[in-house]
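**Student:** Below are the structure tokens for one structure; questions will follow.
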Amino acid sequence: MARAQAPAFSIAIANLKGGCGKTTISTNLSAGLARRGSVGLVDADPQGALKHWVDWGSREADDAVPTLYAEHADPVENLKVAQPHHEYVVVDCPPSLDMAITRQLMAACDFVLVPVLPSPLDLWASAQTIDVIRSAREERPSLKAALVLNQTEPRSAMSRAMKTAIERLGVPVLSTSVRRRAVYRNAVVEGVSVFQLGGRGQSAANEINQIIQEVIPK
Ligand SMILES: Nc1ncnc2c1ncn2[C@@H]1O[C@H](COP(=O)(O)OP(=O)(O)O)[C@@H](O)[C@H]1O
Ligand SMILES: [Mg+2]
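So the sequence shown is numbered by the UniProt record's numbering: it starts at 1 and just counts up by one.
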């Protein structure tokens, strides 16, 4: 396990709503970051999907895989254990029941990335998550945040209602969005990331790399 000089740049993937892409983005973002430096991955969702994913993935001959931290029942503890050992840490945050835990996780991170589906209803539903970010900033004022649109379609222009909903949330949106692609669903069931799918995963890997460039400080 590599020991980094400074504590890891830590990214929480959070939305109190389920099904918006937290786990999909956590797996692929952590795999993309693992190509740049060592990565710790914290599964804060009690459903524990990442354990299955990492178990599957370890069968692949690929050294650029994130290390899963799941020793403690408390995900905040797992995050603190991971941070001194890596350049990057990615946290897959839990859905609504554990709002207090999400706040603590955010307050221990540098960046919160909020995946949202591209509909005004889903954006409005994210307002509660943005409130939790504001609350975490009372403890950690330097905490950065951005929305990332997930499951977008190639030619769908953003509606006026969407633009208004985003402005009201008061959090920037990454210029890169994650398209709806079958490879994201296939990669997770194969226990790999889109980076391990060769040509099949290339377009997806490119967009994940662009997201990394927007999120990681230069
Ligand atoms: N960009 C995408 N393209 C295609 N399918 C996606 C994409 N993002 C998520 N999915 C699928 O949507 C479902 C919900 O995503 P998931 O990452 O599990 O959300 P969450 O962790 O927020 O509950 C999963 O079946 C996942 O495979
Ligand atoms: Mg999930």
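The beta carbon of each residue, even a glycine, is placed where N, CA and C say it ideally should be.
Source: prediction; values computed, not measured.
Taking all protein chains shown into account, decide if residue 219 is buried (16 or more other Cβ within 10 angstroms of its Cβ) or exposed.
**Tutor:** With the chain covering 1 to 218 only, the question about residue 219 has no answer from this structure.
**Student:** Does the region 126 to 141 touch the region 67 to 85, meaning 3 or more C-beta pairs lie closer than 8 Å?
**Tutor:** No contact exists between the region 67 to 85 and the region 126 to 141.
**Student:** Nearer than 7 Å: is that true of the beta carbon of Q151 relative to any heavy atom of ligand 1?
**Tutor:** Checking every heavy atom of ligand 1 against the Cβ of Q151, one is found closer than 7 Å.
**Student:** Note down, in chain order, each residue of its chain lying with its Cβ closer than 8 Å to the Cβ of A165, except the 5 sequence neighbours on either side.
**Tutor:** Within the same chain, A165 has close Cβ partners P120, L123, W124.
**Student:** What is the rounded straight-line gap between the Cα of S38 and the Cα of R180?
**Tutor:** The alpha-carbon atoms of S38 and R180 are separated by roughly 28 Å.
**Student:** Taking the straight line between their C-alpha atoms, what separation do you get for A107 and R185?
**Tutor:** If you take the alpha carbons of A107 and R185, they lie about 30 Å apart.
**Student:** What are the boundary residues of the alpha helix (DSSP H) that includes G32?
**Tutor:** Its alpha helix (DSSP H) spans residues 22 to 33.
**Student:** For ligand 1, is there any heavy atom lying closer than 7 Å to the beta carbon of G48?
**Tutor:** No, the beta carbon of G48 sits no closer than 7 Å to any heavy atom of ligand 1.
**Student:** On the three-state DSSP scale, how would you describe Q213?
**Tutor:** DSSP places Q213 in helix when its eight states are reduced to three.
**Student:** Which same chain residues, not among the five before or five after I208, have their C-beta less than 7 Å away from its C-beta?
**Tutor:** Counting only Cβ-Cβ distances below 7 Å, and skipping sequence neighbours, we find N28, L29, G32, V194.
**Student:** The alpha helix (DSSP H) with T102 in it runs from where to where?
**Tutor:** Unbroken alpha helix (DSSP H) run through T102: 99 to 107.
**Student:** Would you mind reading off the limits of the beta strand (DSSP E) that contains T67?
**Tutor:** Element bounds for T67: 67 to 69.
**Student:** Please go through the same chain and pick out, in chain order, the residues whose beta-carbon is closer than 7 Å to the beta-carbon of L117, but skip the five residues on each side of it.
**Tutor:** Only C20, N150, Q151 meet the Cβ criterion.
**Student:** Given 8 Å as the limit, is there contact between the region 65 to 72 and the region 93 to 101, that is, 3 or more CB pairs closer than that?
**Tutor:** Contact fails: fewer than three Cβ-Cβ distances are below 8 Å.
**Student:** Under 7 Å: does the beta carbon of R200 sit that close to some heavy atom of ligand 1?
**Tutor:** Because no heavy atom of ligand 1 lies under 7 Å away, the Cβ of R200 does not count as near it: no.
**Student:** Which first and last residues belong to the beta strand (DSSP E) in which S135 is found?
**Tutor:** Segment 127 to 139 is the alpha helix (DSSP H) holding S135; no beta strand (DSSP E) there.
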